[in-house]
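Here's the structure, in structure tokens; my notes come after.
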Amino acid sequence: MSTIYPNTIFALEWGRYTQIRDETGKHIITQDERTCMQWTAETLGEFDYYEAEEVCRNSRIGGYDDWRRPTDEELLAVTRGIAAWTCTPSENTRIGSAWVGGMGCLSTEDTDDKFSVIAVRGPVRTDATATPKAGES
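Residue numbers (the numbering used here): 613 to 749.
Printed below as a string of structure tokens:
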């Protein structure tokens, strides 16, 4: 599993991200102070689309039981340098495909392909709410 650090994976903005640590001091969750969403500090491994949903749903990181896959808008709003599954199925392309986001773009991939899984918790955000407009916080 790879560790997701705010200064490498998440969009670099000083003060926007807070590291939440477990009782041993290990960074386990990154909180986005702008959106109040929480992201796993490490990827949960590489899984296919359906396994990714189950892995997120069964995660108990930080004692929380409401982890999910991010929407495509959520993933693109914060990540850099990693390709990970979103919860968004692809409606206008081939059957058995879903969106993978990261590195500033989205692509459709076969649902049986393996990609990284990043879990998020918080209300589902759309493109209208995922990233505030300039000057907003």
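Backbone N, C-alpha and C fix where the C-beta goes; we use that ideal spot for every residue, glycine too.
Residue span of the beta strand (DSSP E) that contains residue i, given as start and end
i	result
R633	Y629 to R633
As assigned by DSSP and simplified to three states, the class of residue i
i	result
L718	strand
D644	strand
R733	strand
R672	coil
Spatial distance of residue i from residue j (CA atoms)
i	j	result
D725	S671	21 Å
E605	D634	Nothing can be reported for residue 605, as the shown portion of the chain is limited to 613 through 749.
R669	W679	6 Å
E685	G627	21 Å
Per DSSP, the bridge partner or partners of residue i
i	result
W651	T642 and V732
R680	V732
E658	S728
Chain D contact for residue i (CB, 8 Å cutoff)
i	result
T647	Checking the listed chains, one finds no chain D in this structure; it contains a single protein chain.
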